[in-house]
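> So the protein sequences, as listed, match chains A and B.
Residues in the first sequence are numbered from 3 upward in steps of one, following my numbering.
Residues in the second sequence are numbered from 619 upward in steps of one, following my numbering.
All residues carry an ideal CB built from backbone N, CA and C; glycine is no exception.
Just so you know, these numbers come straight off a predicted model, no measurement behind them.
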Amino acid sequence: EAQVTQNPRYLITVTGKKLTVTCSQNMNHEYMSWYRQDPGLGLRQIYYSMNVEVTDKGDVPEGYKVSRKEKRNFPLILESPSPNQTSLYFCASTELVGTDTQYFGPGTRLTVL
Amino acid sequence: GNSVTQMEGPVTLSEEAFLTINCTYTATGYPSLFWYVQYPGEGLQLLLKATKADDKGSNKGFEATYRKETTSFHLEKGSVQVSDSAVYFCALSYFRGGTSYGKLTFGQGTILTVHP
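1. Buried or exposed: where does histidine 31 of chain A fall if 16 or more other Cβ atoms within 10 Å of its Cβ makes it buried?
2. Could you have a look at aspartate 702 of chain B and say whether DSSP puts it in helix, strand or coil?
3. Determine the direct distance from the alpha carbon of lysine 20 of chain A to that of threonine 1 of chain A, and round the result to whole angstroms.
4. Once DSSP output is grouped into helix, strand and coil, what is the label at asparagine 30 of chain A?
5. Contact criterion: CB-CB distance below 8 Å. Does methionine 29 of chain A meet it with respect to chain B?
6. Give the residues of chain A in contact with glutamate 660 of chain B, contact being defined as C-beta atoms less than 8 Å apart.
7. Taking the alpha carbon of aspartate 58 of chain A as the point to measure from, which residue in B:Lys721, B:Pro658 and B:Glu626 has its own alpha carbon closest?
8. For chain A, find out if any of its Cβ atoms is closer than 8 Å to the Cβ of glycine 727 of chain B; answer yes or no.
9. Quick one: which residues of the stretch 52–78 of chain A get their C-beta closer than 9 Å to a C-beta of chain B? List them in chain order.
10. Considering only DSSP beta bridges, list what valine 68 of chain A is partnered with.
11. With a Cβ-Cβ cutoff of 8 Å, do phenylalanine 707 of chain B and leucine 45 of chain A count as a contact?
12. Residue range of the beta strand (DSSP E) that aspartate 672 of chain B falls in?
13. How is the beta strand (DSSP E) around histidine 733 of chain B delimited, first residue to last?
Rendered as structure tokens:
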């Protein structure tokens with residue numbers, strides 16, 4: 003089954019404690035990205051990657067890091083989380099040729115106290 | 619830059635009522651337009667899309683027409699069901715010559731609640 007998985011689904015942490023949210027896709031997609039969803043703001047792109055070892059900033063990259071060492075994985079790293087990073091996070095992936103359909107993971111709800 | 623604006627919500631309807639959720643966009647060139655739906659506790663799913671002016675996307679009784687002259691992509695359904703209760707997002711991206719440019723620009727989302 004084609005899917006994007008994220009872990010964990012729910013996370014409560016404290017300010018400054020480093021965390022990683024994992025994302026994995028099984029569709030051999032080149033393009034992967036992270037979005038955060040906040041009430042009244044919709045989804046905003048944090049970082050994206052067009053292939054292995056190729057990453058770039060989206061619209062709201064401050065406070066986040068990513069890496070793309072393998073094609074299937076695209077972890078989101080919060081080195082020193084702050085309360086304004088409390089949000090719902092989605093990973094997404096798509097091919098770069100042949101389709102404009104994106105596949106989304108189930109979401110990770112993060113609370114930073 | 620590109621932007622998408624959706625009608626203010628939430629929207630509350632009775633079952634079998636007519637639904638319209640307005641969406642307008644600002645973009646250069648000719649973006650592809652999408653409606654995504656998010657059911658409670660789930661990720662986003664593509665509901666429908668249109669890739670060029672005057673195209674009509676449709677799925678599960680929902681329709682939206684790509685109007686270049688009014689830069690709009692309003693979502694409609696003739697008779698909503700309780701199971702349509704969800705958050706609906708209008709979005710745009712660029713896809714030309716078989717190549718995707720990846721990034722989706724989303725509206726703020728509209729919460730739809732349908733009562734029996």
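The answer reads as follows:
1. Stepping through the first sequence from its first residue, residue 31 of chain A is reached at position 29. With 16 or more Cβ atoms within 10 Å of its Cβ, histidine 31 of chain A is classed as buried.
2. For the purposes of this step, residue 702 of chain B is identified with residue 84 of the second sequence, where counting begins at 1. Here aspartate 702 of chain B carries a helix assignment [DSSP, helix/strand/coil].
3. No answer is possible for residue 1 of chain A: it lies beyond the span of chain A, which begins at 3 and ends at 115.
4. Residue mapping note: residue 30 of chain A aligns to position 28 of the first sequence, counting from 1. In this structure, DSSP gives asparagine 30 of chain A a state outside helix and strand, which the three-state scheme calls coil.
5. Residue mapping note: residue 29 of chain A aligns to position 27 of the first sequence, counting from 1. For methionine 29 of chain A, the answer is no, since every Cβ of chain B falls outside 8 Å of its Cβ.
6. Mapped onto the second sequence, residue 660 of chain B falls at position 42. Going along chain A in sequence order, the residues near glutamate 660 of chain B (Cβ under 8 Å) are Pro108 and Gly109.
7. Position 56 of the first sequence, counting from 1, holds the residue named residue 58 of chain A. In this structure, B:Lys721 is the residue among B:Lys721, B:Pro658 and B:Glu626 with its C-alpha nearest to the C-alpha of aspartate 58 of chain A.
8. In the second sequence, counting from the first residue as 1, residue 727 of chain B sits at position 109. So yes, glycine 727 of chain B belongs to the interface.
9. The residues in question are Met52, Gly60 and Asp61.
10. Locating residue 68 of chain A in the first sequence gives position 66, where the first residue counts as 1. A:Leu78, per the DSSP bridge assignment.
11. Counting from one through the second sequence, the residue named residue 707 of chain B turns up at place 89. Counting from one through the first sequence, the residue named residue 45 of chain A turns up at place 43. Using a Cβ distance threshold of 8 Å, phenylalanine 707 of chain B and leucine 45 of chain A count as a contacting pair.
12. On the second sequence, position 54 is the one that residue 672 of chain B refers to. No beta strand (DSSP E) holds aspartate 672 of chain B; DSSP gives it neither H nor E.
13. Locating residue 733 of chain B in the second sequence gives position 115, where the first residue counts as 1. Bounds of the beta strand (DSSP E) holding histidine 733 of chain B are 728–733.
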